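Below: the structure, in structure tokens.
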Amino acid sequence: MNIKVLTGVPGGGKSRAVRDDILSTPALYHLALPRTDLIDEFVLDLERSAEERGVRLDVEPIHSKQAMKGRNVHRRVLDALARREADEHRAILITHETLLALDPAQLIDVHVRIDKNPDGSVLSGEIHGKTGLHLLEHHFVLEPLEDGSPRSLLRPRSSVEPVTPAAYKGAAPDIAVLLKVVGNRNRSVVADVRSWDEARITGRRIRWWSIWTPMDLEGAASVHIAAAGFGGSLLARACERLYGDDLAIEYVDVAHAASRAKPTIRVHYFAQHRGSTTWWTSDEGSLNLVRISDYLTRIGFAGYWSCNHEVRLLLIHRFGGNACAPRQAGTNSLRHHTACAYIYSNKAQAADGVILEFLGLDKNTITQVRENEDIAQFVMRGAIRDPSYDGTYDIYLYDRHQAETLRDFLAGNGVSDLVELIPVDEAGLMDMKRPLPSGRGEGGWQTSTLTPEERRKRDLEADRLRKRKSREADHKQLVAAGTPPKRGRPPKNRAGSLGVAA
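Taking my numbering, the leading residue of the sequence shown gets 18, the next gets one more, and so forth.
Below, the structure is given as structure tokens:
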């Protein structure tokens, strides 16, 4: 299968390229975007451009924010896809979530376009065996894979009604996420357990993952994805892991030839140590956020800003500016701002362990593909999104590492080579050091003196030891349950043996 990925710096014209592509050739297009507000923006742009060019294009947005009682989104999308006519020129606009829930058979011979990396394409998590097990066992059966590994596919029970949001409304968050994903009959969900009895073993953790890839759209007439960070994303790595050369990706830099002005960008940072939501919700860490909000108040900050949901109450209403959601990929409504603040962290969590192990990645990869990508997308929503802007642009981030990474991104992608890093000593965080986790060193206020390469090697070694202990524990549990694994080397892990459509 062949797909095309449009790359380039945010604001470089990827969405315009998708729009022009849809307008250029009469056909049935299915365009998926991250959020409903972006759908509404894109509809206006498509209709205006079609009118200017004298193109007759039928634009049909479908999402949950529209006032249409009695007809759910999925049903409306299927109805729209069923209305096919010869020589039609039509674009159906939906969210990423809706696209990933569709039966691929409904998209045969349709030109699929995806703006931004598809949200929810790579998911993983872990739950304790007894937590919510009755819900899972009631709705699903475990179908062991044939590769000799302690893994199974979760399949809906034919004798039970499909799982609905009401079934997991009051469930714990980790259970609710799993039930929502496995309730999508068009996605495969793999769990590292072979029976429900095995899942009940005291202390047992059930780790699971689900991967959607463009290979699911093999029957589509064409597939284009417009995403600046696709090449380094978890989805791209999953595509390589599962399909190798069977999925050929053509990268096209649509912003390569675009000329840009050279704005002066000042990246301010508050701390030398790394931030995290766990740290910020502690007594010591929350003090840092108070000091940041005090500083932003003193300087009269009036740009747009955001933070992690867990710490929003510590910052909201404490200083000026336009508070918005952390994820702003594709938004054009903030371009009038010449300053932004992003107190944000998106590092590896326990739920990421299984997918990192499966893809052969370390924890630093999560920071690269999530936190760094989110920061780049967020800061590029302001004035520097306009290629002609040549003024001053101020960015406020939590720590120096984020500032340095962003500086490299801005310079490396041609946004500007006039990027200055400015430590904010006035906030009083620069000399504060985070305490090491329990069991490391002598305790107290310390920071690591390791270089990035030394930290990477340390994390890889810790990962290796963790995986070995996990395999040994799994082997003991399987033997105790009377289902010891087969001897010998397991078969090569490609899509078929991993519970993913080949």
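Glycine residues also receive a C-beta, built at the ideal position from the N, C-alpha and C atoms.
Just so we're clear, the structure is a prediction, and the values are computed from it rather than from any experiment.
Between which two residues does the beta strand (DSSP E) holding residue i run?
i	result
R277	Neither: R277 is in no beta strand (DSSP E) and is coded neither H nor E.
E437	V436 to P440
E77	D75 to P78
V432	Careful: V432 lies outside any beta strand (DSSP E) and carries neither H nor E.
A34	Where A34 is concerned, there is no enclosing beta strand (DSSP E), although the alpha helix (DSSP H) it sits in stretches over K31 to S41.
V60	Careful: V60 lies outside any beta strand (DSSP E), inside the alpha helix (DSSP H) at T53 to R70.
L331	Per DSSP, L331 belongs to no beta strand (DSSP E) and is neither H nor E.
Y406	Y406 -> no beta strand (DSSP E), and no H or E assigned at all.
V26	Where V26 is concerned, there is no enclosing beta strand (DSSP E), given that its DSSP letter is neither H nor E.
A49	L45 to L50
When you compare the CB positions of residue i and residue j, do they come within less than 8 Å of one another, or not?
i	j	result
R8	L63	Since the first and last residues shown for the chain are 18 and 519, residue 8 lies out of range.
Y321	G399	yes
A368	E143	yes
G152	I192	Residue identity differs from the one stated: residue 152 is Leu in this sequence, not Gly. Their beta carbons are under 8 Å apart, which means L152 touches I192 by this criterion.
L306	L332	yes
L117	S138	yes
V207	L170	yes
D522	R352	With the chain represented from 18 up to 519, any question about residue 522 goes unanswered, as that position is not in the structure.
Y46	R100	no
L71	M397	As written in the sequence, residue 71 is Gly, which differs from the Leu given in the question. No.
W297	R451	no
T115	H91	yes
S205	L159	no
R335	A444	no
R258	L376	yes
A49	H113	yes
T384	K364	yes
A278	S405	yes
Following the continuous alpha helix (DSSP H) through residue i, name the residue where it begins and the one where it ends.
i	result
A428	R417 to G429
V158	Run containing V158: none in the alpha helix (DSSP H); it sits in the beta strand (DSSP E), F157 to P161.
N389	N389 to V396
I383	K380 to I383
P190	P190 to V199
S176	Neither: S176 is in no alpha helix (DSSP H) and is coded neither H nor E.
S11	Look at the range of the chain in this structure, 18 to 519, and you will see that residue 11 is not part of it.
D300	D300 to R315
H91	V90 to A99
L376	G370 to L376
T181	Run containing T181: none; DSSP gives neither H nor E here.
Would you grab the beta carbon distance between residue i and residue j for me? Rounded to a whole angstrom, and I think it's under 8 Å.
i	j	result
E388	S362	6 Å
M449	A245	Not really, about 34 Å apart at Cβ, beyond 8 Å.
I401	P231	That belief does not hold up - the Cβ atoms of I401 and P231 are roughly 31 Å apart, past 8 Å.
L427	V436	5 Å
S141	V371	5 Å
P78	K133	Not really, about 17 Å apart at Cβ, beyond 8 Å.
A243	K31	4 Å
D126	P43	At roughly 14 Å, the Cβ-Cβ gap does not stay under 8 Å, so D126 and P43 are not in contact.
A237	L124	5 Å
A358	L313	6 Å
D442	R291	Going by Cβ atoms, the distance from D442 to R291 rounds to 18 Å, so no, they are not a contact pair.
G431	D270	With 8 Å as the limit, G431 and D270 do not qualify as a contact, their Cβ atoms being about 11 Å apart.
I439	R344	Actually they do not touch by this definition, with Cβ atoms about 26 Å apart.
V496	E267	About 48 Å; that fails the 8 Å criterion.
E327	T294	4 Å
L423	A393	7 Å
I'd like to confirm the pairing. Which residues does DSSP put opposite residue i in its beta bridges?
i	result
A208	S169 and W225
W322	A340 and A358
N363	In DSSP, N363 forms no bridge with anything.
H285	Y413 and I439
I109	H47 and E77
I401	In the DSSP output, where bridge partners are listed per residue, I401 has none listed.
N19	A265
Would residue i count as contacting chain C if we go by Cβ distances under 8 Å?
i	result
P179	Of the chains in the structure shown, none is chain C; there is only one protein chain.
Which residue spans inside the region 112-155 form an unbroken alpha helix (DSSP H) run of at least 4? 113-118
Output the residue ranges of the beta strand (DSSP E) runs that lie fully inside the region 214-275 and measure 3 residues or longer, sorted by chain position. 222-228, 239-243 and 265-270
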